[in-house]
């Protein structure tokens, strides 16, 4: 991922008191979750240490990534058709307004939708609740050559169910190990997991909720329940911290994406997705037919 020039922040007005704290922990250019105990209050939500620092720089960087991303995806898709089992799963989690839909629009929207599989996990249906919590997740795992995108995921079953006491502690506390086993199974099947926690500050969340009420064209995006959920902010932060800490093995680590600035968030996720595909180095498959013979047949047809 490229590094932009230093400069003033665009979009959100700046880091403010939170950004001036000396104890703030900034992740590296790959945004990997730092080792050790997780304290989300100390993890950067703005993103000043790496990458573009102006909206215009981010737009240029994203445009550069878009061509690479589209080419890599096409090769991955073609390779999957030839029997290669590898595929990519982009998993998006974050508090309300963190930008999961925005990433899908501005990052996933850069590639051919024919080679993607997008799932937004909502409140479980009666049928889904009659099965193990991972049942509905397993059914949506992308096939070979596909980039899967999960808007929310299996982690909801150690987040909202914990915060709102939807199941006993004895149930959700066992799910971390189940998630780790499930994800390792995916890795063993050729799935590259790109797990992104879109980290937004409480102040910016409030700004975004308020903005939705100022624009009639954004009323549809506002959900009164999101205001209710703000009352559980500390509980969600604790639940996320434990989920991130307990479910971030080397084979499927978490990336903490500073998300107070939308354009920075989009650039960061696009870079991670591009990097994951470049590491796979997908190649167009060799034809299983005689090219010259087929050229002659086409000419005669």
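Residue numbers (full-length UniProt numbering): 1 to 301. Glycine included, C-beta positions come from ideal geometry on N, C-alpha and C.
{"Item": "DSSP bridge partner residues for residue 93 (one or two, in chain order)", "Value": "197"}
{"Item": "Sub-8 Å separation of residue 199 and residue 40 beta-carbons", "Value": "yes"}
{"Item": "Cβ-based burial, residue 164 [other Cβ within 10 Å; buried from 16]", "Value": "exposed"}
{"Item": "Residues that DSSP places opposite residue 151 in a beta bridge", "Value": "92, 120"}
{"Item": "Reference residue 280; option with closest CA among 69, 60, 299, 133", "Value": "69"}
{"Item": "Cutoff 7 Å; reference residue 22; Cβ partners in own chain excluding five residues on either side", "Value": "Residue placement at residue 22 cannot be trusted, given a pLDDT of 49 that sits under 50; what the coordinates show is reported in the next sentence. Nothing listed; no residue qualifies."}
{"Item": "Residue environment, residue 52, which counts as buried when at least 16 other CB atoms sit within 10 Å", "Value": "buried"}
{"Item": "Nearest candidate by alpha-carbon position, reference residue 73, set 119, 112, 203, 84", "Value": "112"}
{"Item": "Residue ranges of each alpha helix (DSSP H) within the region 220 to 244, 4 or longer", "Value": "224 to 230"}
{"Item": "Start and end residues, alpha helix (DSSP H) containing residue 50", "Value": "Careful: residue 50 lies outside any alpha helix (DSSP H) and carries neither H nor E."}
{"Item": "Coil, strand or helix - residue 272 by DSSP", "Value": "helix"}
{"Item": "Inside the region 36 to 84 only - alpha helix (DSSP H) runs reaching at least 4 residues", "Value": "55 to 81"}
{"Item": "Bridge partner(s) assigned by DSSP for residue 257", "Value": "198"}
{"Item": "Continuous alpha helix (DSSP H) stretch holding residue 294: start and end", "Value": "291 to 300"}
{"Item": "Meets three-Cβ-pair contact criterion under 8 Å: the region 285 to 300 and the region 205 to 223", "Value": "no"}
{"Item": "Sequence-distant residues of its chain with Cβ nearer than 7 Å to residue 269 (five each side left out)", "Value": "103, 107, 196, 257"}
{"Item": "Segment limits, alpha helix (DSSP H) that includes residue 100", "Value": "100 to 106"}
{"Item": "Cβ neighbour criterion (16 or more within 10 Å) applied to residue 98", "Value": "buried"}
{"Item": "Residue 278 to residue 65 span [Cα, whole Å]", "Value": "11 Å"}
{"Item": "For residue 96 and residue 229, believed in contact at Cβ under 8 Å, the rounded distance", "Value": "6 Å"}
{"Item": "Residue 280, DSSP secondary structure in three states", "Value": "helix"}
{"Item": "Boundaries of the alpha helix (DSSP H) in which residue 171 is found, first to last residue", "Value": "169 to 172"}
{"Item": "Limits of the unbroken alpha helix (DSSP H) element including residue 214", "Value": "Premise fails: residue 214 is in no alpha helix (DSSP H) and is neither H nor E."}
{"Item": "Per-residue DSSP class, three states only, for residue 186", "Value": "helix"}
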